[in-house]
Every structure is written in C-alpha cells, then in structure tokens.
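Chains as they are written, first to last, in UniProt numbering: chain E, 1 to 239; chain F, 1 to 239.
No residue lacks a Cβ here, since even glycine has one placed at the ideal position from N, Cα and C.
Since we're looking at a predicted model, the values are computed, not measured.
Structure first, commentary second.
2 protein chains.
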Amino acid sequence: MTNPTAAMLVIGDEILSGRTRDANMHFLAGELTKHGVDLREVRIVADDREMIIAAVQALSGTYDTVFTSGGIGPTHDDITADCIAAAFGRSIDVRSDARALLQAHYDNSGQELNEARLRMARIPDGAALIDNPVSVAPGFTVENVHVMAGVPSVFQAMVASVLPTLTGGAPLLSQSLRIMKGEGDIAGPLGALAADFSDLSIGSYPFQKDGVFGANIVIRGTDGARVDAAMTRLAEMFG
Amino acid sequence: MTNPTAAMLVIGDEILSGRTRDANMHFLAGELTKHGVDLREVRIVADDREMIIAAVQALSGTYDTVFTSGGIGPTHDDITADCIAAAFGRSIDVRSDARALLQAHYDNSGQELNEARLRMARIPDGAALIDNPVSVAPGFTVENVHVMAGVPSVFQAMVASVLPTLTGGAPLLSQSLRIMKGEGDIAGPLGALAADFSDLSIGSYPFQKDGVFGANIVIRGTDGARVDAAMTRLAEMFG
C-alpha cells in the first residue's frame with residue numbers, strides 16, 4: 001500500500017490510570033481510514049516531559065503525519081506545547097496572533113485573560129495555528145506534528161480543521177462477513193484465501209457471544225474489484 | 001513513586017482502522033491501578049512482525065512488566081507468539097502441555113484439533129502458560145512479558161490469572177472534586193497547590209457539558225493523610 005502513514009500520541013495520566021476511557025483514538029482512526037491515511041501506531045504516555053519528547057521525535061521521524069491529543073490547556077499539568085517545542089529544538093513563547101484570539105474571546109465573554117489562560121497562547125516558533133471553533137484556544141502544527149486538545153469535542157473540531165490539509169491516498173474499502181464458527185474451523189481455508197489475495201488485507205476478528213464462538217472476517221483493499229472477488233470466494237467457502 | 005511499572009502492547013489492525021474500539025486497555029489500566037502497579041505507556045501496533053518485535057523489545061527493556069493483547073488465535077494473521085519468540089531469541093514450536101490442554105478441550109466438545117487450532121499450542125521455549133478458563137487456548141509469559149488474547153472476555157480472565165503473581169506496590173489512592181469553572185479560572189491557585197504538595201499527583205481534566213466548561217481535579221498519592229490534606233485545601237479554594 002502506498003497510502004500516507006500516520007501515528008497518534010495520546011498524552012494523559014488519566015487514560016493510563018483507568019480513570020478516563022480515551023475516545024479520541026477511535027474517532028481519529030475512523031476519520032483517517034475514510035481519508036485514505038493509514039494509522040500505523042498509537043502511543044499513550046503520561047504527562048511526563050522526557051517521555052513526550054522521546055515519543056514525538058520517534059513518531060515524527062517514522063511516519064508521514066503525527067497527531068497528538070491532550071495537555072494544551074492552562075493548568076500546571078499541561079506541558080505538551082513546551083515538550084513539542086523542545087522535541088524540535090524551537091523556542092516557545094506567547095505569540096501575538098494566538099493571544100489576540102484569546103483576548104477577543106475573553107473580552108466577549110466578560111472573562112479575564114489571566115496568566116493561566118495566557119499559557120494557551122504559548123506557541124512554538126514557526127508553528128501554524130489550528131482553528132478551534134469550540135473554545136478558541138488554538139492547536140498548532142510544527143513540521144509534521146498536529147498538536148490538538150484532549151477534550152473530545154475540541155479534538156474532533158480540530159481534526160476537521162486539519163484533515164482537508166492532508167494529502168490522502170485511496171480510501172481503504174472494506175467488506176466483512178460474520179461467520180458463526182470458531183476461528184479454528186475456518187483458519188485453514190482462510191489462510192489459503194489470504195495467500196491467493198496477498199494484495200488485500202484479510203483479518204479475522206473472533207468474538208464470543210452467549211457461549212458461541214464466531215469471527216468477523218474483514219477484507220480490506222483499495223481496489224474494489226479485488227475486494228469483491230475475494231468476498232465472493234469467502235462467501236462460497238462459508239456461506 | 002516507587003511502585004512497579006508496566007506497559008501494554010495492543011496488537012491489531014482492527015483497532016487502528018477504527019473498526020473496533022479497544023476495551024482491554026481501559027480494563028487493564030483500572031486493574032493495575034487497584035493493584036498498585038503504574039501503567040506508564042501503551043502502544044497500539046498493526047499485525048506487523050517487525051513492529052511487534054521492536055515494540056516488545058523496547059517496552060520489555062524499559063518497564064518492570066509488559067502485557068500484550070491480541071494475535072494469539074489460530075488464523076493466518078495471528079503472529080504474536082512467533083514475534084515474541086523472535087523478540088527474545090527463543091525457538092517456538094507446538095508444546096506438549098499446551099497441546100494436551102487443547103486436545104482434551106476439543107475431545108470434550110467433539111471438535112477436531114486441526115492444524116489451525118494446533119497453532120494455538122505454539123509456545124516459545126521456556127515460557128510459562130497463562131490459564132484461560134474461557135476458551136482453554138493458553139496465554140504465556142516470557143521473561144517480563146505476559147502474552148494474552150484480544151477477545152475481551154478471554155483477556156480479562158487472563159489478567160485475573162496473572163495479577164496475583166505480580167508484586168504490587170501501595171495502591172494509588174485518589175480523590176476528586178468537580179469544579180464548574182473553566183480551567184483558566186482555577187489554574188493559578190491549582191498550580192500553587194501542586195507545588196505545595198509535590199509528593200502527590202494533581203491532575204486537572206477539563207470537560208464541556210451543555211456549553212459550560214468545568215474541570216475534574218484529581219489528587220492521587222499513596223499516603224492517604226497527604227491526599228486528605230490536599231483535598232481539604234482544594235475544597236477551601238473552590239468549595
């Protein structure tokens with residue numbers, strides 16, 4: 001496959017402690033698949049400076065595009081922006097364009113742009129701002145890394161801002177068949193099918209429901225005719 | 001904190017394509033927190049041999065314990081066991097104890113232990129088996145890596161088998177306060193509190209509901225008296 005590749009970095013103690021169940025990864029995965037971008041790896045790390053910097057550098061160097069979520073708010077545990085700047089050796093300070101966005105927003109709502117809120121205008125040198133139609137405080141893009149908020153409504157709005165700027169590949173087409181047999185009963189013929197259609201991705205996802213084992217077989221590829229052909233063979237085998 | 005550390009590796013194309021929303025990570029995170037083990041990092045990778053091997057080696061060398069989920073079934077895309085063996089330079093083959101478990105199970109249920117099912121008895125040399133009370137096919141432990149199934153009911157049963165064998169630390173205690181103010185209004189005093197209680201972890205998790213911004217403040221630590229003291233101060237500030 002020649003689709004562009006992507007990775008995601010989720011930043012937040014609350015996910016790793018089990019307090020919060022992450023929702024952003026699943027959302028982004030679906031959006032990227034529709035857009036023809038292959039999400040290849042996700043990492044979830046704590047609010048830890050060294051870990052964030054190391055993960056950003058590793059992912060940015062390996063994949064075409066990286067998305068981060070979390071850690072860009074006004075509180076003491078929001079350290080993502082400074083870590084991104086450090087990861088790319090850039091300086092970071094309150095930037096006038098980001099400050100102006102916040103100033104207008106808080107003037108409108110009769111709130112004070114205090115020192116804490118001003119932290120959300122700290123933008124690494126040379127970064128492009130990402131529009132935040134939900135709560136104004138912007139995300140930003142440095143090189144191939146898009147830095148976005150962790151609050152799901154804001155994250156989703158920022159993804160919508162960024163996606164049209166990405167070059168997508170051919171959207172991945174998929175068809176699936178639910179087979180009410182244990183994987184052990186279908187693995188042999190399925191492996192032969194996968195060998196005959198090595199240009200496609202054929203996955204088997206087992207489940208157990210009311211004590212009965214079954215599997216969803218998902219056939220994915222960018223060539224619709226090939227996906228159809230494999231699906232026809234699969235249905236003949238197990239239909 | 002001196003609690004033992006852990007990482008998790010989720011293996012599966014279906015998570016990265018957005019087709020399936022992972023449930024195992026959130027479950028494991030909660031169990032480890034109760035058990036006094038700090039989950040420090042999670043990685044999600046595709047069914048890709050080189051990526052699995054690299055991730056297992058990196059996580060195994062960095063953390064006290066590693067948990068994997070996914071890729072140990074009977075189908076062609078189940079490559080985890082072979083990757084684990086390769087990551088530790090061990091040989092892998094059908095092992096008699098694992099084979100005997102499967103043979104008894106399929107004899108009982110009148111099914112055939114065919115070539116595909118026999119793949120689930122492939123165990124790296126020197127590994128200890130992990131009990132699977134749900135569907136028999138075992139997980140296994142190699143060095144500090146516990147290799148478990150991706151089907152949530154089986155994953156959860158295997159976690160229950162493994163957890164009692166781990167040395168836990170002091171369980172992390174947490175208290176939280178829901179504050180109906182934007183983070184920008186509370187960040188200043190909250191940062192001062194975090195500085196005064198630097199032995200605790202004080203996190204701010206913003207939310208937006210019906211257009212109103214608020215934050216859950218979570219104070220975590222292993223010393224209950226200190227958590228209480230910080231919580232009292234927090235309530236005085238924003239109660």
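Tell me the rounded alpha-carbon separation between residue i and residue j.
i                 : j                 : result
GLY191 of chain E : ARG49 of chain F  : 17 Å
LEU16 of chain F  : SER69 of chain E  : 16 Å
ALA6 of chain F   : THR65 of chain F  : 5 Å
ILE53 of chain F  : PHE140 of chain F : 16 Å
GLU41 of chain E  : ASP22 of chain E  : 15 Å
VAL147 of chain E : THR62 of chain F  : 26 Å
ALA225 of chain F : PRO4 of chain F   : 22 Å
SER176 of chain F : LEU102 of chain E : 29 Å
LEU166 of chain F : VAL37 of chain E  : 40 Å
HIS26 of chain E  : TYR205 of chain E : 17 Å
THR232 of chain E : ALA149 of chain F : 30 Å
ALA86 of chain F  : PHE88 of chain E  : 34 Å
PHE197 of chain F : ILE84 of chain E  : 27 Å
ASN144 of chain F : GLU143 of chain E : 37 Å
SER161 of chain F : SER135 of chain F : 14 Å
ASP125 of chain E : THR80 of chain E  : 14 Å
GLY188 of chain E : LEU28 of chain F  : 32 Å
VAL159 of chain F : ALA104 of chain F : 23 Å
ILE18 of chain E  : ALA229 of chain E : It is worth fixing the name first, because residue 18 of chain E is Gly in this sequence and not Ile. Answer to the nearest angstrom: the Cα atoms are 43 Å apart.
ALA170 of chain F : ASP77 of chain F  : 39 Å
ILE217 of chain E : GLY168 of chain F : 39 Å
MET51 of chain E  : SER60 of chain E  : 14 Å
PRO133 of chain F : GLU236 of chain E : 34 Å
ARG219 of chain E : ARG178 of chain E : Contrary to the premise, residue 219 of chain E reads as Ile rather than Arg in this sequence. Cα to Cα, the separation comes out at about 12 Å.
SER174 of chain F : VAL227 of chain F : 7 Å
THR20 of chain F  : VAL151 of chain F : 11 Å
ARG11 of chain E  : THR2 of chain F   : Rather than Arg, the amino acid found at residue 11 of chain E in this sequence is Ile. Approximately 22 Å, taken between the alpha carbons.
GLY214 of chain E : SER91 of chain E  : 54 Å
GLY73 of chain E  : LEU129 of chain F : 45 Å
LEU39 of chain E  : ARG43 of chain F  : 13 Å
ASN24 of chain F  : PHE67 of chain F  : 10 Å
ALA100 of chain F : LEU9 of chain F   : 28 Å
SER109 of chain F : ALA195 of chain E : 30 Å
ASP131 of chain F : GLY239 of chain E : 34 Å
THR75 of chain F  : THR75 of chain E  : 48 Å
ALA127 of chain F : MET180 of chain F : 52 Å
Can you round the beta-carbon distance between residue i and residue j to whole angstroms, since I take them to be within the 8 Å contact cut?
i                 : j                 : result
GLY234 of chain E : LEU193 of chain E : Gly is not the amino acid found at residue 234 of chain E; the sequence shown has Leu there. About 6 Å separates the two Cβ atoms, so the contact holds.
LEU172 of chain F : THR222 of chain F : 6 Å
GLY203 of chain E : ASP82 of chain F  : Incorrect: roughly 17 Å between the Cβ atoms, too far for contact.
ALA55 of chain F  : VAL45 of chain F  : 5 Å
GLY71 of chain F  : ASP47 of chain F  : 6 Å
For a test of your reading of the model: does the CB of residue i fall under 6 Å from any non-hydrogen atom of the ligand SAH? Yes or no.
i                : result
LYS34 of chain E : Looking at this structure, you won't find the ligand SAH or any other ligand, since it has none at all.
On the DSSP bridge assignment, give the partners of residue i in chain order.
i                 : result
ALA7 of chain E   : E:GLU41, E:VAL66
VAL142 of chain F : F:VAL145
PHE213 of chain F : F:GLN208
GLN175 of chain E : E:ILE219
ASP93 of chain E  : E:ILE123
SER201 of chain F : F:ARG220
Assess, as a yes-or-no matter, whether the region 127–139 of chain E is touched by the region 149–166 of chain E under the definition of 3 or more beta carbon pairs within less than 8 Å. yes
Could you tell me whether the region 113–123 of chain E touches the region 31–41 of chain E, using the rule of 3 or more Cβ pairs below 8 Å? no
Give, in chain order, every unbroken run of the alpha helix (DSSP H) that is at least 4 residues long and sits entirely within the region 99–173 of chain E. 115–118, 152–162
Assess, as a yes-or-no matter, whether the region 195–214 of chain E is touched by the region 81–95 of chain F under the definition of 3 or more beta carbon pairs within less than 8 Å. no
Answer yes if the region 116–127 of chain F comes into contact with the region 176–190 of chain E, meaning at least three C-beta pairs across the two stretches below 8 Å, and no otherwise. yes
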